[in-house]
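Q: I'd like to ask you about the structure that follows.
Number of protein chains: 4
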Amino acid sequence: MGKTAKKPTRAEQKARRPREILESAFEEFTANGYAATRVEDVAARLGITKGTVYLYFPTKDALFEAMIRHMSTPFTEILASVETLQGSYSERLRVLLLLAHEKIADDRKTRELLRLTLAEGARFPHIVDRHYDEFIAPLLGAVGALVDQGVSSGEFRDGAAASVPEVVTSSVLHIAVMRLMFADRKPIDGTGFIEAHVDLALNGLLKHS
Amino acid sequence: MGKTAKKPTRAEQKARRPREILESAFEEFTANGYAATRVEDVAARLGITKGTVYLYFPTKDALFEAMIRHMSTPFTEILASVETLQGSYSERLRVLLLLAHEKIADDRKTRELLRLTLAEGARFPHIVDRHYDEFIAPLLGAVGALVDQGVSSGEFRDGAAASVPEVVTSSVLHIAVMRLMFADRKPIDGTGFIEAHVDLALNGLLKHS
Amino acid sequence: MGKTAKKPTRAEQKARRPREILESAFEEFTANGYAATRVEDVAARLGITKGTVYLYFPTKDALFEAMIRHMSTPFTEILASVETLQGSYSERLRVLLLLAHEKIADDRKTRELLRLTLAEGARFPHIVDRHYDEFIAPLLGAVGALVDQGVSSGEFRDGAAASVPEVVTSSVLHIAVMRLMFADRKPIDGTGFIEAHVDLALNGLLKHS
Amino acid sequence: MGKTAKKPTRAEQKARRPREILESAFEEFTANGYAATRVEDVAARLGITKGTVYLYFPTKDALFEAMIRHMSTPFTEILASVETLQGSYSERLRVLLLLAHEKIADDRKTRELLRLTLAEGARFPHIVDRHYDEFIAPLLGAVGALVDQGVSSGEFRDGAAASVPEVVTSSVLHIAVMRLMFADRKPIDGTGFIEAHVDLALNGLLKHS
DNA sequence: CATGAATGAGTTTTCATTCAT
DNA sequence: GATGAATGAAAACTCATTCAT
Numbered sequence: 001m002g003k004t005a006k007k008p009t010r011a012e013q014k015a016r017r018p019r020e021i022l023e024s025a026f027e028e029f030t031a032n033g034y035a036a037t038r039v040e041d042v043a044a045r046l047g048i049t050k051g052t053v054y055l056y057f058p059t060k061d062a063l064f065e066a067m068i069r070h071m072s073t074p075f076t077e078i079l080a081s082v083e084t085l086q087g088s089y090s091e092r093l094r095v096l097l098l099l100a101h102e103k104i105a106d107d108r109k110t111r112e113l114l115r116l117t118l119a120e121g122a123r124f125p126h127i128v129d130r131h132y133d134e135f136i137a138p139l140l141g142a143v144g145a146l147v148d149q150g151v152s153s154g155e156f157r158d159g160a161a162a163s164v165p166e167v168v169t170s171s172v173l174h175i176a177v178m179r180l181m182f183a184d185r186k187p188i189d190g191t192g193f194i195e196a197h198v199d200l201a202l203n204g205l206l207k208h209s
Numbered sequence: 001m002g003k004t005a006k007k008p009t010r011a012e013q014k015a016r017r018p019r020e021i022l023e024s025a026f027e028e029f030t031a032n033g034y035a036a037t038r039v040e041d042v043a044a045r046l047g048i049t050k051g052t053v054y055l056y057f058p059t060k061d062a063l064f065e066a067m068i069r070h071m072s073t074p075f076t077e078i079l080a081s082v083e084t085l086q087g088s089y090s091e092r093l094r095v096l097l098l099l100a101h102e103k104i105a106d107d108r109k110t111r112e113l114l115r116l117t118l119a120e121g122a123r124f125p126h127i128v129d130r131h132y133d134e135f136i137a138p139l140l141g142a143v144g145a146l147v148d149q150g151v152s153s154g155e156f157r158d159g160a161a162a163s164v165p166e167v168v169t170s171s172v173l174h175i176a177v178m179r180l181m182f183a184d185r186k187p188i189d190g191t192g193f194i195e196a197h198v199d200l201a202l203n204g205l206l207k208h209s
Numbered sequence: 001m002g003k004t005a006k007k008p009t010r011a012e013q014k015a016r017r018p019r020e021i022l023e024s025a026f027e028e029f030t031a032n033g034y035a036a037t038r039v040e041d042v043a044a045r046l047g048i049t050k051g052t053v054y055l056y057f058p059t060k061d062a063l064f065e066a067m068i069r070h071m072s073t074p075f076t077e078i079l080a081s082v083e084t085l086q087g088s089y090s091e092r093l094r095v096l097l098l099l100a101h102e103k104i105a106d107d108r109k110t111r112e113l114l115r116l117t118l119a120e121g122a123r124f125p126h127i128v129d130r131h132y133d134e135f136i137a138p139l140l141g142a143v144g145a146l147v148d149q150g151v152s153s154g155e156f157r158d159g160a161a162a163s164v165p166e167v168v169t170s171s172v173l174h175i176a177v178m179r180l181m182f183a184d185r186k187p188i189d190g191t192g193f194i195e196a197h198v199d200l201a202l203n204g205l206l207k208h209s
Numbered sequence: 001m002g003k004t005a006k007k008p009t010r011a012e013q014k015a016r017r018p019r020e021i022l023e024s025a026f027e028e029f030t031a032n033g034y035a036a037t038r039v040e041d042v043a044a045r046l047g048i049t050k051g052t053v054y055l056y057f058p059t060k061d062a063l064f065e066a067m068i069r070h071m072s073t074p075f076t077e078i079l080a081s082v083e084t085l086q087g088s089y090s091e092r093l094r095v096l097l098l099l100a101h102e103k104i105a106d107d108r109k110t111r112e113l114l115r116l117t118l119a120e121g122a123r124f125p126h127i128v129d130r131h132y133d134e135f136i137a138p139l140l141g142a143v144g145a146l147v148d149q150g151v152s153s154g155e156f157r158d159g160a161a162a163s164v165p166e167v168v169t170s171s172v173l174h175i176a177v178m179r180l181m182f183a184d185r186k187p188i189d190g191t192g193f194i195e196a197h198v199d200l201a202l203n204g205l206l207k208h209s
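Protein chains in written order, with UniProt numbering: chain A, 1 to 209; chain B, 1 to 209; chain C, 1 to 209; chain D, 1 to 209.
Below, the structure is given as C-alpha cells:
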C-alpha cells in the first residue's frame, strides 16, 4: 500500500473534484439546457452520486453559475495583444479576426457558452452581461481600435463601416451560430470563411475601375 | 351593457382556440425554454385551464412542435422577390439585406424561433432543418444569386471568395443574436447597422487611391 | 322524406338508446374493468358523445350498475324447469347440468358478469349478492332438489356427496373460469366436459367389482 | 428506551424495502384492482411516500408485474410429491386434492392471484400464461398422472372420460372462486367440500346394487 | 335530444434537496 | 468525504362531470 505516484493523493483528489464536477456540468447543461439537466446526470457522468455534488455546490443553480464562471476563459487579453501585432493594418485585422475566430467560434467551450447565454439568459440575466463583458466587448473594442488606427494611418478610408466594428466582426458570430446549429452535420471551413470575410471587408464587392 | 359584440360565441371561440393557444405557447416557450415552461402557464395566459390545452394538443411536445410550425412565416418568397428588384446591383443588394433584416432580425417571431432552434435543437432536431430550409437557405440563395448576377453584369468584381453570401448575410444574424441577448437593454439601430454593412461589403475598408 | 319503415322513428330511437348504451357499456366494462373504462369509450363505440350517455345515466357508477342489471338474464326459471324434466334422475341431472352449462358457462354475457363480479365485487358489493341470487343459488337449489329426489327414489345413494350440490355443479364454474382466462386461446369442449363430469359424478372412478 | 432492536438500520431497511412494497402492493392491487389502486396508497400503507416506491420500481406497471412474480409461490413441486404418496390410489387422490386445496383455494395469496388473473388478464396477458403454468398445469398434470396409475393398477375403471383431471380438480377452483366472491360472508368448509368431492369422484352418485 | 368545449380534481411520474450512515 | 434512501413539491396528463349552444 505504498503511496506511489500513480494514484493522486487525497488532497489532489479533493482539489480536483470541484473542477471535475464543473466540467461534467458543462457537458450536461450544454447538451440539455438548464431545466432538462438533472443533478444526478452530472454526477453519473463522473461515477459519483448526486450527494457528492451537493457537497461542493449548494444548489443546482449555484452549480450552473459556477460552471459558467469556470468555463469562461475570458478573452480580454486579446485587447492587449492588439498592441503587439505587426505589419499593415489589413494584415493586423486579418490576424485579429483569425484569432477571434479561433477563440470564439472554433473553441467549443466558448461556443457552447454562447448557446447557454441565449437559451438561459432570461433566467440568469447576469450571464448575459458576463458574456458581453468577456467576449463581445473586448472583441469589438480591439477591432474598433485597430480600425481607428488604420484610418488614422491613412490605410483605411473613413466612413460608415469604420464606425461599426460589429460589421467587421459579424462573421465570427456567424460561424459560431452555424456550428451551434448544425454541429457536425454541416461542417464549416471557419478559417476559409474568415479569410473570405477579411477579403470582402478590405476590398469590397465593387470593381474599382 | 347591451349585447354588443363583446363575448364571442362558442363556435367563434372554438375556431380561435388553437391559434390562441399556439400564440400563448410561443410566448411561454420563448420566455422560458421548453423544459421550464409549464403547460399550465400556457393555459393561464389565456385564462383557461390546462385541460383545455390538452383538448387541442395531445402532449406538451406536440404543442411545442405545432407552435414552431404555426409561428414560422417562412420567407422563401424572398427568393422570388429578387427578380423584381430594380436598379444597380449594389442598390438591389442593399434593398435585399434591408428586407432580410426586417423579416429576420427585426421580426420578433422569427428572431425568437432562432433562439428556440439554438436552445432546443438537440431535443427537436428537425426544427433545425426547418429553420435552415425556411430562413437560412432562402436568404443565402437570394444573396448568392444577386451577387452572381452582379458579377456577370460587371458591377461586382469576380475574385470574391466562395463564402460571399454567408459573409454578406452575417450582419443580419448578428443583429438577431444581439437582440436576443440584450432585448431592450442595448437597443440596436438595425437599419443603420445594415447600411454600414452594405457600405463595407460594397466598398471595403481600404482606401482606393 | 317519407317515414318509411327503414329508419326507426324518433320514439323508437329514443327507446333504443338506453339499451344500446348499456350494451356498449357491457363491452367496455368487461374488456377493461370499471376503473379503466372511460365513459367516452362507451359513447364512442356507438358513435355518440359522452354528453349523450349522461343524458340517460347520471354517473359512471349508475351506468355500471344499470349495465349489470340489464345484462343479467336471471336464471331462476331453471328451478321451475326441473319439475318438467322426464326420465331417470341420472338423465334429468345430465340434462340439468347441460342446461346450466349452456346458460352460465357458454353464454358470454353471464360469463363476463362472473368476471365483473369477481373483479369489482369489492367496490360494488351488491352485485355479488345479485350474482349469487340469480345464478348460483338457483343452480345449487335445482341440483340439490334433484339429487334429493334421486336419493328418495332410491336411484342415488345417500352420502356426503349428495348433500353438497356444489360438487356436482363445480364443472360448470370450471368451464366458465377457464373460458374467462383463456378466451379463444385454449378452446374448451364444454359439452364434452359436462358429459365427462356427469359420467364421473354418476359412476365414480372406482371399479365396482 | 434502551437501544433495543427497535428500529432497523438503514441497511436492513433497504434490504427489506422491495419486499415490503411488493406485499403492500399485493394488498392494494387485490383489494382495488390495477387501475383503481394508487401508487400513493401502496406507499401510505407502509408509512412511506410514493417517491420511495418509485425508487424501487420504475412504473406502476412494473410494480404490478413484480408483485405478481413475488407473490407466486408456484407449486410445481406438487407434481414431484405425487411420487411420494403412499396407500391406495383412492387415498393418494384424496391426499393430493386436499393438498391442492390447501395450496390453491385455502391460500389467500394464490387465491387472490386468481382474481387478478381474471380481472387484469386482458391488460397483462402473460400473467395468464404464468398462472396456467404455475398453478393449473401442474395440478392437472399431477391428477392426470395419478388417475392413469390408478387405472393401470386396476383400482380405477378405465372408461373415465378424457377430461377427468379437470373434473376431479374443479372443486378446488370452485372453492377458490366462492371464497373470492364472498370472503368471510359465506364461510366454506373447504376440507369437507373436498372430502365430499373425492367421495363423489370415487364412488359416483349411483347406488351400486 | 345531442353536442363537445371546458373544467377541476385527481394520478402518475420526476427531481432537487436532505440527512443518517 | 461520500453515499443513496427518502422526501415533498411540482409537472404532465387524464377523465368524470357540467353546461351553453
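Positions of the beta carbon are idealized from the N, C-alpha and C atoms, including for glycine.
Consider the Cβ of D/ASP148: report whether some Cβ of chain C lies at a distance smaller than 8 Å.
A: Judged by the 8 Å Cβ criterion, D/ASP148 is not in contact with chain C.
Q: Quick one: is B/LYS60 buried, meaning 16 or more other Cβ sit within 10 Å of its Cβ, or exposed?
A: Per the 10 Å Cβ criterion, buried.
Q: So which of A/VAL164, A/GLY190, A/LEU93 has the shortest CA-CA distance to B/ILE194?
A: B/ILE194 has its Cα closest to that of A/VAL164, out of A/VAL164, A/GLY190, A/LEU93.
Q: Can you name the residues of chain B whose CB is closer than 8 Å to the CB of A/VAL42?
A: Result: empty, since nearest Cβ-Cβ is about 16 Å, beyond 8 Å.
Q: Would a C-beta distance cut-off of 8 Å place D/ARG111 and D/LEU173 closer than the cut-off?
A: Not a contact, by the Cβ cut-off of 8 Å.
Q: Taking 8 Å as the CB-CB cut-off, is A/VAL39 touching chain B?
A: Taking Cβ atoms only, chain B never reaches closer than 8 Å to A/VAL39, which makes this a no.
Q: Anything in chain A within Cβ reach of B/THR117, meaning under 8 Å, just list it in chain order.
A: Those are MET181, listed as they occur along chain A.
Q: Taking 6 Å as the limit between beta carbons, can you name the residues of its chain near C/HIS131, skipping five residues before and five after?
A: Here the set comprises THR117.
Q: If you check the beta carbons only, do D/TYR89 and D/PHE156 fall under 8 Å apart?
A: It is a contact, given that the beta carbons lie within the stated cut-off.
Q: Just the Cα atoms here: how many angstroms apart are A/HIS197 and A/ASP158?
A: Going from the Cα of A/HIS197 to the Cα of A/ASP158 covers about 19 Å.
Q: Suppose only complete runs of 4+ residues qualify. What are the alpha helix (DSSP H) ranges in the segment 54-119 of chain C, listed by chain order?
A: Entirely contained in the segment 54-119 of chain C, the alpha helix (DSSP H) runs reaching 4 residues are, in chain order, 60-71, 77-84, 89-100.
Q: Compare the C-alpha of A/HIS101 against each of A/PHE135, A/HIS126, A/VAL39 and name the closest.
A: Nearest option by C-alpha distance: A/PHE135.
Q: Could you please give me the residues that DSSP links to B/PHE26 through a beta bridge?
A: In the DSSP output, where bridge partners are listed per residue, B/PHE26 has none listed.
Q: Based on the DSSP secondary-structure assignment, which residues constitute the bridge partners of A/LEU206?
A: Answer by DSSP bridge pairing, in chain order: B/PHE156.
Q: Rank D/ARG45, D/GLN13, D/LEU146, D/MET178 by C-alpha distance to the C-alpha of D/GLU83 and give the top, closest one.
A: Checking every option, the nearest Cα to that of D/GLU83 belongs to D/LEU146.
Q: Whole angstroms is fine: what's the gap from A/PHE75's alpha carbon to D/LEU63's?
A: Straight-line Cα distance between these residues: approximately 54 Å.
Q: So, helix, strand or coil for residue 222 of chain A, using DSSP?
A: Past the boundaries of the shown model lies residue 222 of chain A; chain A is included only from 1 to 209, so the question cannot be answered.
Q: Listed in chain order, which residues of the segment 76-106 of chain C have Cβ atoms closer than 9 Å to some Cβ of chain D?
A: Under the 9 Å Cβ criterion, the segment 76-106 of chain C contributes TYR89, SER90, LEU93.
Q: If we define contact as Cβ-Cβ less than 8 Å, is D/LEU46 a contact residue for chain C?
A: For D/LEU46, the answer is no, since every Cβ of chain C falls outside 8 Å of its Cβ.
Q: Going along chain C, which residues have a C-beta under 7 Å from D/GLU112?
A: The premise fails here: D/GLU112 is roughly 11 Å from chain C at the closest Cβ pair, so nothing lies under 7 Å.
Q: Could you check the C-alpha separation between D/ALA15 and D/ALA44 for me, to the nearest Å?
A: Rounded to the nearest angstrom, the two C-alpha atoms are 19 Å apart.
Q: If we ignore side chains and look at the alpha-carbon of each, how far apart do B/ARG92 and B/LYS186 end up?
A: The alpha-carbon atoms of B/ARG92 and B/LYS186 are separated by roughly 30 Å.
Q: Suppose contacts are defined by Cβ-Cβ distances below 8 Å. Is B/ALA142 in contact with B/LEU96 by that definition?
A: Against a cut-off of 8 Å, the Cβ pair of B/LEU96 and B/ALA142 comes out as a contact.
Q: How would you list, in chain order, the residues of chain D whose beta-carbon sits under 9 Å from the beta-carbon of C/HIS126?
A: Residues of chain D passing the Cβ test: none, with the nearest at roughly 12 Å.
Q: Which residue wins for smallest C-alpha separation from C/ARG115, given the options C/THR30, C/GLN86, C/ARG94, C/ILE104?
A: Of the listed residues, the one whose Cα sits closest to C/ARG115 is C/THR30.
Q: Whole-angstrom Cβ separation of A/ALA66 and A/LEU113, contact assumed at under 8 Å?
A: At roughly 13 Å, the Cβ-Cβ gap does not stay under 8 Å, so A/ALA66 and A/LEU113 are not in contact.
Q: According to the Cβ coordinates, are A/LEU205 and B/LEU140 closer than 8 Å?
A: For A/LEU205 and B/LEU140, no; Cβs fall outside 8 Å.
Q: For my contact list, B/PHE26 and B/MET71 are in at a C-beta cut-off of 8 Å; report their separation, rounded to the angstrom.
A: The pair is a contact, with the Cβ atoms about 5 Å apart (cut-off 8 Å).
Q: Return no unless some Cβ of chain D is closer than 8 Å to the Cβ of C/HIS70.
A: No, C/HIS70 does not count as interfacial toward chain D.
Q: Which residues of chain D have a Cβ atom closer than 8 Å to the Cβ of C/SER152, listed in chain order?
A: Neighbours of C/SER152 on chain D: none; closest Cβ ~12 Å, over 8 Å.
Q: Going by beta carbon distance, what residues of the same chain come within less than 7 Å of A/THR37, once the five residues before and after it are set aside?
A: Once the five neighbours on either side are set aside, the close Cβ partners of A/THR37 are GLU28, PHE29.
Q: Out of curiosity, what's the CA-to-CA distance linking C/VAL39 and C/GLY51?
A: Spanning the two alpha carbons is a distance of roughly 9 Å.
Q: Going by the CB atoms, is the gap between C/ALA105 and C/ILE175 shorter than 8 Å?
A: Yes; because the gap between Cβ atoms is below 8 Å, this pair is in contact.
Q: Taking the alpha carbon of C/LYS109 as the point to measure from, which residue in C/GLY192, C/PRO138, C/SER24, C/ARG17 has its own alpha carbon closest?
A: Considering only alpha carbons, the answer is C/SER24.
Q: Have a look at C/GLY150 and C/LEU85 and give me their C-alpha separation to the nearest angstrom.
A: Rounded to whole angstroms, C/GLY150 to C/LEU85 spans 13 Å at the Cα level.
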